[in-house]
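Before any comments, here is the structure.
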Amino acid sequence: MTAVTVGQAEFRSVLGHFCTGVTVVTGRHGDTLAGFACQSFAALSLDPPLVLFCPARTSRSWPVLAAAGKFAVNVLAEDQQEVSAVFGARGEDKFARVGWTPAPSGAPLLDGALTWIDCALETVHEAGDHYVVIGRVTALGAPSDARPLLFHRGRYAVTEPAQDALAALMPWPRPDDWL
210 MTAVTVGQAE
220 FRSVLGHFCT
230 GVTVVTGRHG
240 DTLAGFACQS
250 FAALSLDPPL
260 VLFCPARTSR
270 SWPVLAAAGK
280 FAVNVLAEDQ
290 QEVSAVFGAR
300 GEDKFARVGW
310 TPAPSGAPLL
320 DGALTWIDCA
330 LETVHEAGDH
340 YVVIGRVTAL
350 GAPSDARPLL
360 FHRGRYAVTE
370 PAQDALAALM
380 PWPRPDDWL
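Taken in order, the sequence shown gives residues 210 to 388; the numbers are from my numbering.
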């Protein structure tokens with residue numbers, strides 16, 4: 210096989226065409242609160258209920274969450290761009306700028322989020338310049354009817370309902386591998 214070199218700028222540009230939801234992963238270890246904006250979040254398994262997210266190895270928040278052994282994922286609503294910006298920046302007391310309440314785990318649940326997922330740390334894998342963190346879901350928040358905040362091609366975006374062409378092609382229940 211011939212090795213192919215993929216540059217970081219090209220990689221970022223191409224993968225930027227994949228639309229992601231915007232979340233804020235939060236945790237609390239003792240009196241220390243931590244949180245960061247995270248696009249690399251996904252559902253992983255229904256049985257058992259697992260999710261994953263990918264913090265950078267250089268993250269200042271990740272060591273707090275790792276030490277806590279639990280975390281919450283706050284799914285941001287379309288009107289929470291400022292919340293995303295606060296938690297996407299380094300420094301300052303991020304939690305002083307947003308209201309929150311504790312999840313069952315004690316992790317901060319941000320006011321105005323679409324919903325939340327409370328988790329216990331299951332396992333961590335090293336992967337390049339990031340970690341792949343797997344969490345076991347322990348509690349779920351009720352979803353809001355608001356639209357989600359998305360990120361696409363380096364900008365925030367929101368959803369618009371699309372015609373469900375798949376429903377017309379598949380009038381039967383969707384396959385089991387669809388979450």
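Glycine included, every Cβ here is placed at the ideal spot set by N, Cα and C.
Item, Value
"Evaluate T310 with the Cβ neighbour count: other Cβ atoms within 10 Å of its Cβ, from every protein chain shown; 16 or more gives buried, anything less gives exposed.", "exposed"
"What ranges does the alpha helix (DSSP H) occupy inside the region 266-308, keeping only unbroken runs of at least 4 residues that lie completely in it?", "271-277, 290-297"
"State the CB to CB distance for the pair W271 and Y365, rounded to an integer number of angstroms; the pair is presumed to be in contact (CB under 8 Å).", "Going by Cβ atoms, the distance from W271 to Y365 rounds to 24 Å, so no, they are not a contact pair."
"Please report how far the alpha carbon of S314 lies from the alpha carbon of T211, in whole angstroms.", "48 Å"
"Can you tell which of T368, V367, H361, E369 has the C-alpha that lies nearest to the C-alpha of S249?", "H361"
"Might you give, ordered along the chain, the residues of its own chain that have their beta carbon closer than 7 Å to the beta carbon of P393, omitting 5 neighbours on each side?", "This structure cannot speak to residue 393, because the chain is shown only from 210 to 388."
"In angstroms with no decimal places, state the Cα-to-Cα distance between F262 and E219.", "23 Å"
"Taking all protein chains shown into account, do 16 or more other C-beta atoms lie within 10 angstroms of the C-beta of L349, making it buried, or fewer, making it exposed?", "exposed"
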